[in-house]
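Read in order, the letters of the sequence shown are residues 10 to 128 in my numbering.
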Amino acid sequence: MPVRIVLILTAALLSAALSSVAPAAAGPVNDYPTAARADYVIACMASNGQSHIVMEKCACSIDAIADRITYDDYTAIETVKVMADQPGERAGIFRSSGWAKDLMDRFRQAQVAADRKCF
């Protein structure tokens, strides 16, 4: 009888473990909040035109970028872009450091790939 209880408990634990893993694997690869996606689409439309077709292309573009860059990296990229545009020595680190350039290069590559896919 104790062996049977151990087998039942083991099966229950395995079932619980597998069911907790399955939803995470089935979810989206990226974790961009809706507001970040909307901000990107609005800025994209400001640059490319205010039509429904452009909106669809811009939405496709942020989805393609989100497939290549994590949201944490995307927020770091947005910070680097804003800070690099600021005047003064303190913002110089965002214009000249290797890590900032690497982030911006990754974003440009993702954006080019998204443009090829969507535009």
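Here a beta-carbon is modelled for each residue, glycine too, at the ideal position from N, C-alpha and C.
Distance CB(residue i)-CB(residue j) smaller than 8 Å
i, j, result
"K66", "F116", "no"
"I74", "V50", "no"
"A100", "A109", "no"
Outcome for residue i when other beta-carbon atoms lying within 10 angstroms are tallied against a minimum of 16
i, result
"V91", "exposed"
"I102", "exposed"
"A123", "buried"
"V89", "buried"
Neighbourhood of residue i by C-beta, 6 Å cutoff - its chain only, sequence neighbours within 5 removed
i, result
"A119", "I74, R77 and I78"
"V12", "Caution applies to V12, whose pLDDT of 38 falls short of 50 and renders its modelled position unreliable; the model cannot decide the point."
"A68", "V50"
Contacting residues, own chain, Cβ-Cβ under 7 Å from residue i (five flanking each side not counted)
i, result
"D114", "none"
"V63", "M54 and N57"
Three-state secondary structure (DSSP) of residue i
i, result
"E132", "Past the boundaries of the shown model lies residue 132; the chain is included only from 10 to 128, so the question cannot be answered."
"T79", "coil"
"Y49", "helix"
"V98", "The sequence shown places Glu at residue 98, rather than the Val named in the question. It is coil, neither helix nor strand."
"S105", "helix"
"Q118", "helix"
"D124", "helix"
"S56", "helix"
Distance between beta carbons of residue j and residue i, contact taken as under 8 Å
i, j, result
"D40", "Y80", "5 Å"
Cutoff 8 Å; reference residue i; Cβ partners in own chain excluding five residues on either side
i, result
"E98", "none"
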